[in-house]
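Below you'll find the structure, written out as structure tokens, and then a few comments.
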Amino acid sequence: MAKNGFRLGAVLRARKAQEDAAKAAVVRARADAMAAHGAVHARERDLDGRRVPDAATSAAFAATLMARQAIAGALSAAIGAASLADETVQDRLDDLTDAAVQRRTIEKLQERHDLTRKQTAAAAEAKAVDDLTTAAAHNRKDQA
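Residue numbers in the sequence shown follow my numbering, run continuously in steps of one, and reach 182 at the last position.
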């Protein structure tokens, strides 16, 4: 590491890695949510495709009604899973936001550090030029 190097470089790399992991988690959560919503739509189509019980026989009526109830229960479970998946997506987005804020905070510190180093180097260079100019003027004065 350089003498005046940015000492939080490893922390910045870690924050970037955390942010990348949070981005991947958001992508996975969104894919899971899409799959959950797809299951909801599939259950809705299945329920809509089932015929309404007719009065042919009481056994057929009961069987048809029970099948529709089972599909409705599966639909209810799928809606609950989709809702949970949406909450998970929001949680992962919150995690991503937190990771991005932490990364940006370290980046700002690095930018300040770099600016301070440039200003210090410029001041040292200006002082060196002033010292040379003063010494040259003093030498001319002594020679005259």
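All C-beta atoms, glycine included, are put in the ideal place defined by N, C-alpha and C. No experiment lies behind these values; they were computed from the predicted model shown.
Rounded to whole angstroms, the Cβ separation of Leu-131 and Val-64 is 6 Å, and the two are in contact under 8 Å. Taking a C-beta distance under 8 Å as the contact criterion, Val-139 and Ala-71 do not qualify as a contact pair. For the 8 Å CB-CB criterion, Lys-54 and Arg-142 do not form a contact. Assignment of Arg-88 by DSSP, reduced to helix, strand and coil, places it in the coil class. In its chain, beyond the 5 residues on either side, Asp-133, Leu-134, Ala-137 have a beta carbon closer than 6 Å to the beta carbon of Ala-60.
Under the 8 Å Cβ criterion, the stretch 73-91 counts as touching the stretch 109-129, having at least three qualifying pairs. Look at the beta carbons and you see the stretch 154-170 not touching the stretch 86-100: under three pairs across the two are nearer than 8 Å. For Gly-111, the uninterrupted alpha helix (DSSP H) run begins and ends at 96-181, by DSSP.
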